[in-house]
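Colleague: One structure, pasted below without further comment.
In full-length UniProt numbering, the protein residues as written are 1 to 177.
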């Protein structure tokens, strides 16, 4: 039980750090867009490369927040699979979902890794201000690999009959009393 709590706290901490990074990037993007709009319409002097920066920043926002959203079950849920009364059917459903997520995240991490290597080899960058693609591919690789690790650990805990979803009020930064 203690191992489970420590493991989940560590996962939550890393997911929270990625989400914090995503939040900071989102805040900076908002400030940049606000400044660009003001300078574009009032001063007739738009900021060069805002579109490039916005596109690359959204990679950090989306993939930085994804593991946190998954861990806290704050994502959008479409009820295609019903809530079963039988416990074993719920377990099968949860395992199926997690196995699908593991497969998708491993595939994304693998393809992002390949993309990072190709971006380095070919020197791929954005059009206007030539922001290199490689660091953003690595961000996707790290985030999706971590997401897959989270799903693997959750799958393990489900297999041994443990509850894995934290309550929305769980704070990974809080000390145990």
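Beta carbons: idealized from backbone N, C-alpha and C, even for Gly.
Which partner residues of residue 60 appear in the DSSP bridge assignment?
Modeller: As a first step, residue 60 must be located in the chain shown, where it is residue number 60. Answer is none; residue 60 lacks a bridge partner.
Colleague: I'd like to know whether the C-beta atoms of residue 147 and residue 73 end up nearer to each other than 8 angstroms.
Modeller: Start at 1 with the first residue of the chain shown, and residue 147 comes out as number 147. Start at 1 with the first residue of the chain shown, and residue 73 comes out as number 73. No, the Cβ-Cβ distance between residue 147 and residue 73 is not below 8 angstroms.
Colleague: Could you please give the first and the last residue of the uninterrupted alpha helix (DSSP H) stretch that includes residue 15?
Modeller: Within the chain shown, residue 15 is the residue found at index 15, counting from 1. Residues 2-41.
Colleague: Mapping DSSP to helix, strand and coil, what is residue 67?
Modeller: Locating residue 67 in the chain shown gives position 67, where the first residue counts as 1. In the structure shown, residue 67 sits in a helix (DSSP, three-state: H, G or I).
Colleague: One question on the structure: do residue 4 and residue 157 come within less than 8 angstroms of each other, judged by their Cβ atoms?
Modeller: Within the chain shown, the letter at position 4 stands for residue 4. Within the chain shown, the letter at position 157 stands for residue 157. Their beta carbons are under 8 angstroms apart, which means residue 4 touches residue 157 by this criterion.
Colleague: May I ask which residues mark the beginning and end of the alpha helix (DSSP H) holding residue 93?
Modeller: Taking the chain shown and counting its residues from 1, one reaches residue 93 at position 93. Note, residue 93: alpha helix (DSSP H), 87-122.
Colleague: Please report how far the alpha carbon of residue 131 lies from the alpha carbon of residue 161, in whole angstroms.
Modeller: Reading the chain shown from its first residue, position 131 is the one you call residue 131. Reading the chain shown from its first residue, position 161 is the one you call residue 161. Computed Cα separation, rounded: 47 angstroms.
Colleague: Return the first residue and the last residue of the alpha helix (DSSP H) that residue 139 is part of.
Modeller: For the purposes of this step, residue 139 is identified with residue 139 of the chain shown, where counting begins at 1. 134-159 is the span of the alpha helix (DSSP H), which, as asked, contains residue 139.
Colleague: If residue 178 sits next to residue 143, beta carbons under 8 angstroms apart, how far is it from one beta carbon to the other, in whole angstroms?
Modeller: Because the chain here runs from 1 to 177, residue 178 falls outside it and cannot be looked at.
Colleague: In angstroms, rounded to a whole number, what distance separates the CA positions of residue 32 and residue 134?
Modeller: By one-based count along the chain shown, residue 32 stands at place 32. By one-based count along the chain shown, residue 134 stands at place 134. Those two C-alpha atoms are separated by around 22 angstroms.
Colleague: Give me, in chain order, the residues of the same chain whose beta-carbon lies closer than 8 angstroms to that of residue 155; leave out the 5 immediate sequence neighbours on both sides.
Modeller: Counted from its first residue, the chain shown places residue 155 at position 155. These residues qualify, in order along the chain: 95, 98, 99, 102.
Colleague: Per the DSSP calculation, residue 125 is bridged to which residue(s)?
Modeller: Position 125 of the chain shown, counted from the first residue, corresponds to residue 125. Answer by DSSP bridge pairing, in chain order: 132.
Colleague: One question on the structure: do residue 45 and residue 21 come within less than 8 angstroms of each other, judged by their Cβ atoms?
Modeller: As a first step, residue 45 must be located in the chain shown, where it is residue number 45. As a first step, residue 21 must be located in the chain shown, where it is residue number 21. Result no, Cβ atoms of residue 45 and residue 21 do not sit closer than 8 angstroms.
Colleague: Leaving aside the five residues before and after residue 36 along the sequence, list all residues of the same chain whose C-beta is less than 7 angstroms from its C-beta, in chain order.
Modeller: Against the chain shown, residue 36 aligns to sequence position 36. Same-chain partners within the cutoff: 46, 47, 50.
Colleague: For the putative contact between residue 11 and residue 150, defined by C-beta atoms under 8 angstroms, what is the C-beta separation to the nearest angstrom?
Modeller: In the chain shown, counting from the first residue as 1, residue 11 sits at position 11. In the chain shown, counting from the first residue as 1, residue 150 sits at position 150. With 8 angstroms as the limit, residue 11 and residue 150 qualify as a contact, their Cβ atoms being about 5 angstroms apart.
Colleague: Quick check: what's the CA-CA separation for residue 34 versus residue 24?
Modeller: Indexing the chain shown from 1 puts residue 34 at position 34. Indexing the chain shown from 1 puts residue 24 at position 24. Distance between the alpha carbons of residue 34 and residue 24: 15 angstroms.
Colleague: DSSP three-state call for residue 54: helix, strand or coil?
Modeller: Locating residue 54 in the chain shown gives position 54, counting from the first residue. Looking at residue 54 - three-state DSSP - the assignment turns out to be helix.
Colleague: Starting from the Cα of residue 108, find the closest Cα among 88, 78, 140, 91 and give me that residue.
Modeller: As a first step, residue 108 is located in the chain shown; it is residue number 108 there, counting from the start. That would be 140, whose Cα lies nearest to the Cα of residue 108.
Colleague: Please classify residue 105 as buried or exposed, where buried requires at least 16 neighbouring CB atoms within 10 angstroms.
Modeller: Position 105 of the chain shown holds residue 105. Looking at its Cβ environment, which holds 16 or more other Cβ atoms inside 10 Å, residue 105 is buried.
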